[in-house]
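First to last, the protein sequences are chains A and B. Using the numbering used here, the letters of the first sequence correspond one by one to residues 10 to 249. Using the numbering used here, the letters of the second sequence correspond one by one to residues 10 to 249.
2 protein chains.
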Amino acid sequence: MEVRRMSNSKVDLAISLVQELIRSGELRPGDRLPVEAELAAQLGLSRNSLREAVRAMQAMRILEARQGDGTYISDLDPARMIETLRFAVDVSGPQAVIWFLEIRRMIELHIAGIAAAKRSEAELERLNACHRELSQAASFDAMMEADTRFHVILAEIAGNPILTSLLELVSGPTVRARVWRQQDLAEVCAEHAQVLAGIAARDVDAAKHAMWTHISGVLNWVVAHPEELETPKSPPGSSI
Amino acid sequence: MEVRRMSNSKVDLAISLVQELIRSGELRPGDRLPVEAELAAQLGLSRNSLREAVRAMQAMRILEARQGDGTYISDLDPARMIETLRFAVDVSGPQAVIWFLEIRRMIELHIAGIAAAKRSEAELERLNACHRELSQAASFDAMMEADTRFHVILAEIAGNPILTSLLELVSGPTVRARVWRQQDLAEVCAEHAQVLAGIAARDVDAAKHAMWTHISGVLNWVVAHPEELETPKSPPGSSI
DNA sequence: AAGGAAGAAAACATCGGATGATTGTGCGCA
DNA sequence: TGCGCACAATCATCCGATGTTTTCTTCCTT
Numbered sequence: 010m011e012v013r014r015m016s017n018s019k020v021d022l023a024i025s026l027v028q029e030l031i032r033s034g035e036l037r038p039g040d041r042l043p044v045e046a047e048l049a050a051q052l053g054l055s056r057n058s059l060r061e062a063v064r065a066m067q068a069m070r071i072l073e074a075r076q077g078d079g080t081y082i083s084d085l086d087p088a089r090m091i092e093t094l095r096f097a098v099d100v101s102g103p104q105a106v107i108w109f110l111e112i113r114r115m116i117e118l119h120i121a122g123i124a125a126a127k128r129s130e131a132e133l134e135r136l137n138a139c140h141r142e143l144s145q146a147a148s149f150d151a152m153m154e155a156d157t158r159f160h161v162i163l164a165e166i167a168g169n170p171i172l173t174s175l176l177e178l179v180s181g182p183t184v185r186a187r188v189w190r191q192q193d194l195a196e197v198c199a200e201h202a203q204v205l206a207g208i209a210a211r212d213v214d215a216a217k218h219a220m221w222t223h224i225s226g227v228l229n230w231v232v233a234h235p236e237e238l239e240t241p242k243s244p245p246g247s248s249i
Numbered sequence: 010m011e012v013r014r015m016s017n018s019k020v021d022l023a024i025s026l027v028q029e030l031i032r033s034g035e036l037r038p039g040d041r042l043p044v045e046a047e048l049a050a051q052l053g054l055s056r057n058s059l060r061e062a063v064r065a066m067q068a069m070r071i072l073e074a075r076q077g078d079g080t081y082i083s084d085l086d087p088a089r090m091i092e093t094l095r096f097a098v099d100v101s102g103p104q105a106v107i108w109f110l111e112i113r114r115m116i117e118l119h120i121a122g123i124a125a126a127k128r129s130e131a132e133l134e135r136l137n138a139c140h141r142e143l144s145q146a147a148s149f150d151a152m153m154e155a156d157t158r159f160h161v162i163l164a165e166i167a168g169n170p171i172l173t174s175l176l177e178l179v180s181g182p183t184v185r186a187r188v189w190r191q192q193d194l195a196e197v198c199a200e201h202a203q204v205l206a207g208i209a210a211r212d213v214d215a216a217k218h219a220m221w222t223h224i225s226g227v228l229n230w231v232v233a234h235p236e237e238l239e240t241p242k243s244p245p246g247s248s249i
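Structural data, given as structure tokens:
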């Protein structure tokens with residue numbers, strides 16, 4: 010499919026102008042923009058076209074529009090902006106899922122290593138408490154929730170919110186694969202225990218190795234079963 | 010700043026409906042949507058509101074609208090969709106820059122390790138050729154270009170296009186920091202040579218260690234000089 | 001004096017209708 | 001067969017209006 014060059018439309022120009030004002034520091038997080046009619050006049054386009062520009066920037070989490078109040082610059086938090094990629098991940102095909110899983114594995118090894126090197130006693134206790142909840146999970150859903158929480162705690166210990174957000178993003182396909190794979194509780198617990206042991210012992214290599222094993226299980230399963238990820242949901246009522 | 014819940018507007022609903030049709034597989038990359046007036050009627054909103062929805066999805070690289078032709082589902086390539094985060098990275102403050110650099114370092118170590126483990130002779134030769142160009146760079150710009158290309162080649166050897174895209178994304182702040190830092194050619198060459206040696210010798214640890222050194226230089230500089238990244242550009246003509 | 005309710009004002013959300021600009025297709029001619 | 005032109009299709013933009021939601025102001029009650 011040939012990619013066409015984006016036109017120099019008035020709406021795109023308005024988007025660029027607002028973005029440039031943010032880049033230059035003239036507009037800052039939390040600032041309120043002029044009302045639509047005025048902003049449109051200042052940027053040189055109609056109010057409807059301005060609304061298209063604003064809507065695009067809302068989609069990118071740059072602006073927030075509140076009816077009855079006004080339009081504001083968002084907090085421009087990269088971790089939140091990453092969430093806009095959720096759809097991209099959700100619709101990725103089997104090969105992309107594998108790529109996302111590889112990225113996930115890279116991140117998980119990294120944070121396991123950091124946790125092993127730098128964790129506090131309180132942080133270790135949080136992991137242990139989570140591990141206890143995992144071992145007592147009474148359903149697949151509860152197991153998946155405790156599993157996810159374990160990984161989120163690890164990411165928080167690493168202390169990079171953008172990385173935490175990125176991990177959550179790339180974990181989407183993992184959750185889908187695991188629903189299909191139906192790994193049992195005893196196996197998940199054993200894998201987490203190995204990661205925990207490495208972290209408790211401040212053994213970076215052991216923690217990383219255990220995490221590699223934990224994530225590679227589902228990655229290898231996906232590589233072997235790509236068609237399982239192709240199952241479409243039933244279409245909604247309004248078809249085109 | 011308090012985050013307000015996104016309203017259930019007609020435009021947001023239309024966005025969700027189209028996304029759901031894509032998720033379900035009823036709409037696929039390259040498919041052409043009905044003309045605006047018809048699509049608006051089918052989704053139950055006015056044409057202007059539909060255009061807002063389409064514009065938002067264009068911003069997210071989900072749709073492509075061509076005047077005189079029609080509106081199409083894009084190729085939904087995650088690597089391309091990641092580019093929409095460019096703005097988020099560009100406007101990130103000093104702390105976020107540090108987080109992005111940490112992520113960059115994580116990725117660079119990962120790909121250096123993969124390159125050392127799996128490179129072909131042809132791929133090693135590509136890296137060597139790039140290194141020769143770096144050593145002969147006649148300006149700072151030429152040096153930065155060759156440096157960037159070295160990293161891109163590494164990412165390509167790793168064979169994960171999404172990771173390549175992600176690396177390019179998080180490399181933005183690095184380029185800004187390096188323009189300020191003004192590292193000299195001899196030093197960059199020496200650091201690349203160490204990475205290359207590890208890769209040539211298929212020594213994963215050596216390659217990773219050398220890459221850690223290479224990236225940590227700029228990361229540590231940024232940590233020590235956060236104010237250098239706060240310099241705003243001069244504002245454009247149209248101020249608000 | 002403080003809190004709640006009601007109404008007005010502010011501002012976005014949506015609609016309908018029209019014209020302008022661009023792209024693709026089909027036809028005619030060299 | 002290739003190129004140019006005209007036309008149709010469709011997005012891009014604008015204008016004007018009404019609807020809906022949020023915030024602010026005023027008044028009343030405790």
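Glycine residues also receive a C-beta, built at the ideal position from the N, C-alpha and C atoms.
Using a C-beta cut-off of 8 angstroms, the segment 29 to 36 of chain B makes no contact with the segment 212 to 231 of chain A, since fewer than three inter-stretch Cβ pairs fall below that distance. The alpha-carbon separation between B:K127 and A:A206 amounts to approximately 30 angstroms.
Around the beta-carbon of B:E117, 16 or more other beta-carbon atoms lie within 10 Å, marking it buried. DSSP, reduced to helix, strand and coil, places B:L85 outside both helices and strands of the structure shown, so it counts as coil.
A distance below 8 angstroms separates the beta carbons of A:M90 and A:R70.
With respect to chain A, the C-beta atom of B:A97 has a partner C-beta closer than 8 angstroms.
For the alpha helix (DSSP H) assignment, the uninterrupted runs of no fewer than 4 residues enclosed by the segment 93 to 161 of chain B are, from N- to C-terminal side, 95 to 99, 103 to 127 and 130 to 144. Within the DSSP bridge table, the entry for B:L30 names no partner. The alpha carbon of B:I166 has as its nearest neighbour, out of B:A131, B:S18, B:A46 and B:F149, the alpha carbon of B:A131. Per DSSP, A:R187 lies in no beta strand (DSSP E); the unbroken alpha helix (DSSP H) holding it starts and ends at P170 to R190. Residue state for A:G226 is assigned as helix, using DSSP reduced to three classes. The beta carbon of A:V63 is closer than 7 angstroms to those of L72, A74 and T80 in its chain, skipping five residues each way along the sequence.
Only buried fits B:E111, as 16 or more other CB atoms lie within 10 angstroms of its CB.
Of all alpha-carbon atoms in A:Q28, A:V204 and A:D150, the one lying nearest the alpha-carbon of A:L52 is that of A:Q28. In this structure, A:V20 and A:E47 do not form a Cβ contact; the two beta carbons are roughly 17 angstroms apart against a cut-off of 8 angstroms.
Under the three-state reduction of DSSP output, B:R75 falls in the strand class. The beta carbon of A:I82 is closer than 6 angstroms to those of L36, P38 and D40 in its chain, skipping five residues each way along the sequence. For the set A:V98, A:Q76 and A:T183, the Cα lying nearest the Cα of A:E45 is the one of A:Q76. The straight-line gap separating the alpha-carbon atoms of A:M115 and A:S25 is approximately 35 angstroms.
Within chain A, the residues placing a beta-carbon under 7 angstroms from that of B:V20 are R64, ordered along the chain. Taking the beta carbon of B:N17 as reference, no residue of chain A falls within 7 angstroms; the closest one sits roughly 12 angstroms away. For B:I162, no chain A residue has a Cβ inside 8 angstroms of its Cβ, as the nearest lies near 18 angstroms away.
Around the C-beta of B:G168, fewer than 16 other C-beta atoms lie within 10 Å, and the residue is accordingly described as exposed.
Pairing B:R187 with B:V161 gives a Cβ-Cβ distance that is not under 8 angstroms. Scanning chain A for C-beta atoms nearer than 8 angstroms to the C-beta of B:T93 yields M69, T93 and L94, reported in chain order. Put simply, the CB of A:N137 is far from chain B, with every gap to its CB atoms at 8 angstroms or more.
Closer than 8 angstroms to the CB of B:N57 there is at least one CB belonging to chain A.
Taking the C-beta atoms as reference points, A:H140 is found nearer than 8 angstroms to A:A202. Taking the CA atoms as reference points, A:P103 sits about 11 angstroms from A:R185. Beta-bridge analysis with DSSP links B:R41 to B:Y81.
Counting the other Cβ atoms within 10 Å of the Cβ of B:S101 gives 16 or more, which makes it buried.
The residues L36, in chain order, have a CB closer than 8 angstroms to that of B:L30 in the same chain once the five nearest residues on each side in sequence are set aside.
When Cβ-Cβ separations below 8 angstroms define contact, A:W108 makes contact with chain B. Put simply, the CB of A:N169 is near chain B, with a gap under 8 angstroms to one of its CB atoms. No Cβ-Cβ contact shorter than 8 angstroms links B:L133 with B:F159. Contact between A:R95 and A:L178 holds, with the beta-carbon distance rounding to 7 angstroms and staying under 8 angstroms.
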